[in-house]
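Comments concern the structure below.
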Amino acid sequence: MIIKVVSGAEEAIHDIGDGAMLMLGGFGLCGIPENCINALVAKNVKHLTCISNNAGVDDFGIGLMLKQHQVKKMISSYVGENAEFERQLLSGELEVELIPQGTLATRCLAAGYGMPAIFTPAGVGTEVAEGKEIRNFNGKDYLMEYAFEADFAIVKAWKGDTTGNLIFRSTSRNFNPVMAMAGKVTIAEVEELVAPGTLDPDHIHTPGIYVHRIFQGKDYEKRIEQRTVLSRKS
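Counting with the numbering used here, you get residues 4 to 237 for the letters of the sequence shown.
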């Protein structure tokens, strides 16, 4: 597979059109693909299905896409930091599928591994299981969940090389590696893009075989939803 090094986010997302299903890496605002999200906002692509742990906040991340009514459906685990998300959900403007966080991660992983489905005990006996197949293994019920089939996975890494190898830093690793494996087309934005051979192979989290496009991002804000600091003691 040929990795395409592109000039920036606009070129990276050029073929994402109305109705696409997107995976967006990150957890809260940590490790989100800021440049690509801003490019999608500028492009004003519509009717998107977004798979992400959460929906950002009102004025940042996926929250910017929600504000412009670009998102038709959110598939997420946690949505508690976004008032606009809540408003659209309660008004019926936005379709929402809430998924246990482990199930969300494993459905991404299954897609990357080429597995059609997984079985999980999470959600059995709740409304999450409504209309879904349940099988019993060794006396315990498990819910069948299908692997995701996303058109694009958009991730953000700390460092990458021009052959697509990626390194994620600390907690920004979160959903990024499993989503990078899972998209039909994976787009990676990185803080630093280096030549092949620069990265220590033992430190690479995502091999370049999974990445289709890569570029060096810029102007990262790296916001924090709820900043908590210790008060100084006299």
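We put the beta carbon where it would ideally sit given N, CA and C, even for glycine. Keep in mind that this is a model prediction, so the values were computed, not measured.
- In the three-state reduction of the DSSP assignment, S79 falls in the strand class, which pools E and B.
- Put simply, the region 131-150 does not touch the region 220-235. Fewer than three CB pairs are less than 8 angstroms apart.
- If you look at K159, you'll find it in the beta strand (DSSP E) that goes F155 to D164.
- Rounded to whole angstroms, the Cβ separation of E84 and V60 is 5 angstroms, and the two are in contact under 8 angstroms.
- Per DSSP, reduced to three states, the secondary structure at K70 is helical.
- Unbroken beta strand (DSSP E) stretches of 3 residues or longer found wholly inside the region 104-181: 120-123, 137-140, 143-149 and 155-164, given in chain order.
- Per DSSP, A198 has no beta-bridge partner at all.
- For Q229, no alpha helix (DSSP H) encloses it, and the DSSP letter there is neither H nor E.
- Residue pairing by DSSP places I217 opposite V8 and A191 in a beta bridge.
- Contact annotation: P36 and I190 have beta-carbon atoms nearer than 9 angstroms.
- Sequence-distant partners of H50 (beyond 5 residues in either direction) whose C-beta falls short of 7 angstroms from its own C-beta, in its chain, are D21, G22 and K75.
- For E37, there is no enclosing beta strand (DSSP E); the enclosing alpha helix (DSSP H) covers residues E37 to K46.
- DSSP, reduced to helix, strand and coil, places E98 within a strand of the structure shown.
- With respect to the C-alpha of I5, the residue from T165, L196 and M182 having the closest C-alpha is T165.
- R230 and F155 have their alpha carbons spaced roughly 31 angstroms apart.
- Sixteen is the threshold: since fewer than 16 other Cβ atoms of the shown chains lie within 10 Å of the Cβ of Q71, the residue is exposed.
- According to DSSP, I65 shares a beta bridge with no other residue.
- The DSSP-derived three-state label of I16 is coil.
- Secondary structure note for L27: its beta strand (DSSP E) is the uninterrupted segment M24 to L27.
- For C53, the uninterrupted beta strand (DSSP E) run begins and ends at L51 to I54, by DSSP.
- By the Cβ rule, the region 80-99 does not count as touching the region 109-119, because fewer than three pairs are nearer than 8 angstroms.
- Here the alpha carbon of F178 sits roughly 31 angstroms from the alpha carbon of N141.
- Closest by C-alpha distance to V158, out of T129, R138 and M184, is M184.
- Annotation: I102 to D62 spans about 24 angstroms, alpha carbon to alpha carbon.
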